[in-house]
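Residue numbers (the numbering used here): 17 to 267. Backbone N, C-alpha and C fix where the C-beta goes; we use that ideal spot for every residue, glycine too. Structure record follows, encoded as structure tokens.
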Amino acid sequence: MTVVKDRPLTVIAQTREELCQNIKEYLVETLSHLIKYNGLISIGVSGGSMPKLLCDVLKSIDNLEWKRVRLFMVDERIVPVTDAESNYGQYLANLPSECHQYIVPVEIADSVLVNVPASKTALQYESTLRATLCPEQIGRLPRFDILFLGMGTDGHTCSLFPGHRLLQKNDLLTWVVAVTDSPKPPSQRISLTLPVLNAAKNVAFIVTGEDKASVVKSVLDSDAQHVPASFVRPFSKKLRFFLDKDAASKL
């Protein structure tokens, strides 16, 4: 394990096994602190290549109190849950069935079948978040306990893409936005907003692959002001990056 100084806390792994171990140690330590003060631990998770990796980490944690944990999608593609592009579906596929009740679903199957717009799916998911995270709060942002975010080769995170108008969505009343013109298919998606991401107590990026090395360097060097991932700077200051050696190859 290598720790890079003079940047947001950055931990570099030489192998997939080391990457999983680094994330596991972080998660166990963070959960042990949170669980003392929180009744329910809210963890936001991403799609792409992350579900298999993160599920392997979760399954490796001995005596994880699943009944105290809820997994939330930080974004979702408007596809059936059985589609390989479904983030929610990938977590169902990679976690044991007894854990499925702790994964908060994005109700989109009906939207696909009857062509309901993504905006309605976004409103439905936001209602779910409000009921689960902040049932007694009105007009306040949720504070996820932990967010695990990914990063694309273009620096997008969640379904917030470079130059997209939704990057300017900074009001505190909207938690989930509909993306109807994603430059990366599928075009219809929903995503948490930047204010929600930055309100989280702990944020960790997990980035792998040499094709992301350039954008990782730009984000960590603060040279990529137009890149969505560079806009994620939680108010808590608790931000770290878990990289494999390929993603870190240009640091």
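Scanning its chain for C-beta atoms nearer than 6 angstroms, with the 5 sequence neighbours on each side dropped, one finds around Ala245 the residues Met167, Gly171, Thr173 and Val235, in chain order. The beta carbon of Ala264 is closer than 6 angstroms to those of Ile28 in its chain, skipping five residues each way along the sequence.
Under the three-state reduction of DSSP output, Asp99 falls in the coil class, being neither helix nor strand. Counting only unbroken stretches of 4 or more residues, the alpha helix (DSSP H) elements lying wholly within the region 27-114 are 32-53, 66-76 and 103-110, in sequence order.
The C-beta of Thr98 has fewer than 16 other C-beta atoms within 10 Å across all chains shown, which makes the residue exposed. Contact annotation: Lys217 and Ser252 have beta-carbon atoms nearer than 7 angstroms. By a beta-carbon distance limit of 8 angstroms, Phe88 contacts Ile59. Their separation comes to about 7 angstroms. Per the Cβ contact rule, the region 205-213 is in contact with the region 173-182 (3 or more Cβ pairs under 8 angstroms).
In the DSSP assignment, Arg205 falls within the unbroken beta strand (DSSP E) covering Arg205 to Leu208. Here Pro67 is actually not in contact with Tyr118; their C-beta atoms are around 15 angstroms apart, not less than 8 angstroms.
In this structure, Asp260 lies near Thr224, with their beta-carbon atoms less than 7 angstroms apart. Residue pairing from DSSP places Val193 in a beta bridge opposite Ser207. Here the C-alpha atom of Leu188 lies approximately 10 angstroms from the C-alpha atom of Pro158. If you look at Leu236, you'll find it in the alpha helix (DSSP H) that goes Ala229 to Leu236.
In the three-state scheme derived from DSSP, where H, G and I count as helix and E and B as strand, Ala220 is classed as strand. Tyr53 counts as exposed, since fewer than 16 other C-beta atoms from the protein chains shown sit within 10 angstroms of its C-beta.
The beta carbon of Lys40 sits closer than 8 angstroms to the beta carbons of Val73, Ser76 and Ile77 from its chain, once the five residues preceding and following it are set aside; these are given in chain order.
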